[in-house]
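According to the working numbering, numbering within the sequence shown proceeds without interruption in unit steps and concludes at 376. In this text, a Cβ means the ideal position worked out from N, Cα and C, and glycines have one as well. Quick caveat, the model's predicted, so the values are computed rather than measured. First the structure, in the form of structure tokens, and then the observations on it.
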Amino acid sequence: MKNFKVVTLAIFFAFLGTMKVSTAIEVTKKEVKVGVIFRLNDKYNTFPQKMLKAMEFALDFHQESSIRLYPVNHDGSALSLKKAVDKVLSYGVKLIVGGETSSDAILISRMIPKENVIFITPTASSHLVHRSNSNSFRMMLDGSKMKHLVREVLHNEKCSELGVLHNVSKPNADYISKEIIKDASSAGTKVLAVTVLADEKDFSRKVKVLADRRIPCISIFSFESDFRQFIAFMKDSSYFPILIGGDGWGNNRSVLNKYFFDKKKIKAYRALYWNNNNRDAYSSKVRRSYHEKYKVKMNAFTAIGYDTAKLIIDLVNSSATLSPEILMKTLRSKKFKNFLTTDYIIFGEEGSPSKLLHSYILEGEKAVYWKGISVP
1 MKNFKVVTLA IFFAFLGTMK VSTAIEVTKK EVKVGVIFRL NDKYNTFPQK
51 MLKAMEFALD FHQESSIRLY PVNHDGSALS LKKAVDKVLS YGVKLIVGGE
101 TSSDAILISR MIPKENVIFI TPTASSHLVH RSNSNSFRMM LDGSKMKHLV
151 REVLHNEKCS ELGVLHNVSK PNADYISKEI IKDASSAGTK VLAVTVLADE
201 KDFSRKVKVL ADRRIPCISI FSFESDFRQF IAFMKDSSYF PILIGGDGWG
251 NNRSVLNKYF FDKKKIKAYR ALYWNNNNRD AYSSKVRRSY HEKYKVKMNA
301 FTAIGYDTAK LIIDLVNSSA TLSPEILMKT LRSKKFKNFL TTDYIIFGEE
351 GSPSKLLHSY ILEGEKAVYW KGISVP
């Protein structure tokens with residue numbers, strides 16, 4: 001009889017244990033809704049669609065069925081963004097991903113309820129995103145860090161003068177240029193800044209002073225439209241300075257094919273999201289699987305899209321509950337590992353990650369990884 005009681009109790013406790021495990025599994029399988037607000041119908045820039053595809057790939061690669069993406073298109077206007085935010089909120093999302101540009105991200109962060117939704121932007125770098133909403137996080141380094149790339153290039157190319165194409169119409173372009181001007185000036189570099197507006201009608205006349213003085217290095221941390229106009233100006237004036245910029249120009253192959261009209265004379269340095277030469281075991285496996293599935297290689301934009309989804313996967317799986325408070329606490333305290341654009345992510349002040357500033361040299365037919373710059 002005694003043995004019978006022992007066996008019965010053992011079975012009972014085993015049953016309880018099974019119930020706990022089953023309950024835990026049910027909790028983890030509960031659907032986590034993530035809104036994705038991108039310019040999905042943009043005919044000229046397809047990188048938002050590619051980032052979304054990379055996010056979907058990440059969920060599939062990690063066999064993560066509990067996270068569901070709810071993509072919504074916008075056209076960049078404040079009204080369109082408001083409609084997109086309202087739509088994803090109506091789905092009951094816990095996180096929102098979006099804001100291809102800093103202007104878009106700032107608006108989205110202001111429209112999101114500050115109490116119960118987390119915002120993550122893959123490609124916006126402005127500090128104003130976090131200041132608009134402290135529940136906002138950036139996968140990008142803060143825009144002010146671009147001054148470290150300019151500093152390295154000026155030293156490498158022995159440039160004693162720097163020209164800055166300063167677009168004051170866009171908050172982040174304006175912010176980055178001001179940081180670069182201040183940093184270069186304090187280091188003793190002669191700086192000539194040329195102020196332009198979005199859709200500048202007098203572009204060539206304004207930038208002519210740079211060619212007249214034959215400024216050897218030009219900083220263009222702005223959008224592709226400014227870069228395109230300056231390249232056209234270079235062609236017309238036979239002026240070939242060394243160019244310095246960031247992700248706003250487009251992907252490397254596109255820049256080389258569309259804008260390097262003289263492969264022997266044009267040279268550029270630029271910051272991008274990742275080290276394309278990284279071939280560690282994890283990155284190689286992900287990239288190989290992506291190529292097998294889509295028959296194309298990953299680029300900087302698909303890599304940052306993948307990493308954004310990977311961050312969300314790790315966040316959901318490592319948080320005790322899915323309450324906004326716990327998710328926020330996890331984001332601010334945990335060291336996230338295994339990404340394509342960086343070895344790890346620790347979110348610091350104003351929701352910006354600690355990571356290397358990756359840079360490339362574009363010259364001739366090739367874009368070659370230059371180096372990863374450590375930034376404070």
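Classification of residue i by the beta-carbon crowding that lies within 10 angstroms, buried from 16 upward
i: N135; result: buried
i: E349; result: exposed
i: T28; result: Because T28 carries a pLDDT of 42, less than 50, the predicted location of this residue cannot be relied on, and the following value inherits that uncertainty. Under this definition T28 is an exposed residue.
i: D280; result: exposed
i: E292; result: exposed
i: F261; result: exposed
i: P376; result: exposed
i: H155; result: exposed
i: S126; result: buried
i: N3; result: Caution is warranted here: a pLDDT of 49 is assigned to N3, below 50, making its placement in the model unreliable, and no coordinate value can be reported.
i: R253; result: exposed
i: T101; result: buried
i: G76; result: exposed
i: N167; result: buried
i: L141; result: buried
i: T121; result: buried
i: P353; result: buried
i: K310; result: buried
i: T321; result: exposed
i: S65; result: exposed
i: S359; result: buried
i: L362; result: buried
i: S238; result: exposed
i: Q229; result: buried
i: R39; result: buried
i: E26; result: Low per-residue confidence applies at E26: pLDDT is 34, beneath 50, and the placement is therefore not dependable enough to give any value.
i: I313; result: buried
i: M296; result: The displayed chain sequence assigns Val, not Met, to residue 296. Its Cβ having fewer than 16 others within 10 Å, V296 is exposed.
Same chain, Cβ closer than 7 Å to residue i, five either side skipped, listed in chain order
i: N392; result: Look at the range of the chain in this structure, 1 to 376, and you will see that residue 392 is not part of it.
i: F61; result: V286, S289
i: M19; result: Summary for M19: the model assigns pLDDT 43, below 50, so the residue's position carries little reliability; its value from the coordinates is reported in the next sentence. Nothing listed; no residue qualifies.
i: D276; result: Strictly speaking, residue 276 in this sequence is Asn, with Asp absent from that position. Cβ neighbours of N276 beyond the five flanking positions: Y369.
i: D307; result: M139, F339, L340, T341
i: L107; result: A78, L81
i: S109; result: F119, V129, S132, N133, S136
i: S318; result: T330, K334
i: L356; result: T342, G372, I373, S374
i: K235; result: F261
i: I67; result: V32, V34, L59, I312, I313, V316
i: E152; result: I373
Cutoff 6 Å; reference residue i; Cβ partners in own chain excluding five residues on either side
i: V283; result: Per the sequence presented here, residue 283 reads as Ser, with Val not at that position. The residues are L340.
i: W455; result: The chain is shown from 1 up to 376; residue 455 falls before or after that span and cannot be answered.
i: Y259; result: I231
i: G17; result: Interpretation of G17 is limited by its pLDDT of 48, a score under 50 that renders its predicted location unreliable; no figure is taken from the coordinates.
i: A184; result: L162, V191
i: G364; result: K263
i: T23; result: Its pLDDT being 32, under 50, T23 is placed unreliably by the model, and nothing is read from it.
i: V207; result: V194, F233
i: L377; result: Residue 377 lies beyond the stretch modelled for the chain, which goes from 1 to 376, so this question has no answer here.
i: A84; result: I37, V72, H74
i: C159; result: P216, C217
Close-in-space but distant-in-sequence residues of the same chain around residue i (CB under 8 Å, 5 per side omitted)
i: E179; result: G143, S144, M146, K147
i: L331; result: I118, F137, L315, F347
i: V93; result: K33, V34, G35, Y70, V117
i: G351; result: V129, H130, S134, S136, F137, R138
i: M55; result: V36, L69, V97, G305, Y306, T308, A309
i: E157; result: P216, C217, I242
One or two residues paired with residue i in a DSSP bridge
i: I67; result: V32
i: L95; result: V34, I118
i: I220; result: G245
i: S359; result: A271, K371
i: G163; result: L192, I218
i: Y344; result: K337
i: N73; result: F38
i: P353; result: F347
i: K366; result: E363
Those runs of the beta strand (DSSP E) which lie wholly inside the region 103-142 and span at least 3 residues
The DSSP assignment places 118-121, 136-138 as complete runs of the beta strand (DSSP E) inside the region 103-142, in order along the chain (cut-off: 3 residues).
**Request:** May I ask you to verify whether the region 292-311 touches the region 50-57, counting CB pairs closer than 8 Å and requiring at least 3?
**Result:** yes
Per the contact definition of three or more C-beta pairs closer than 8 Å, is the region 158-174 in contact with the region 262-280?
no
Any chance the region 242-249 sits against the region 214-228, with 3 or more Cβ pairs inside 8 Å? yes
Legend entry - Residue ranges of each beta strand (DSSP E) within the region 224-288, 3 or longer: 242-245, 267-272
Continuous alpha helix (DSSP H) assignments of at least 4 residues falling wholly in the region 294-342 = 300-318, 324-333
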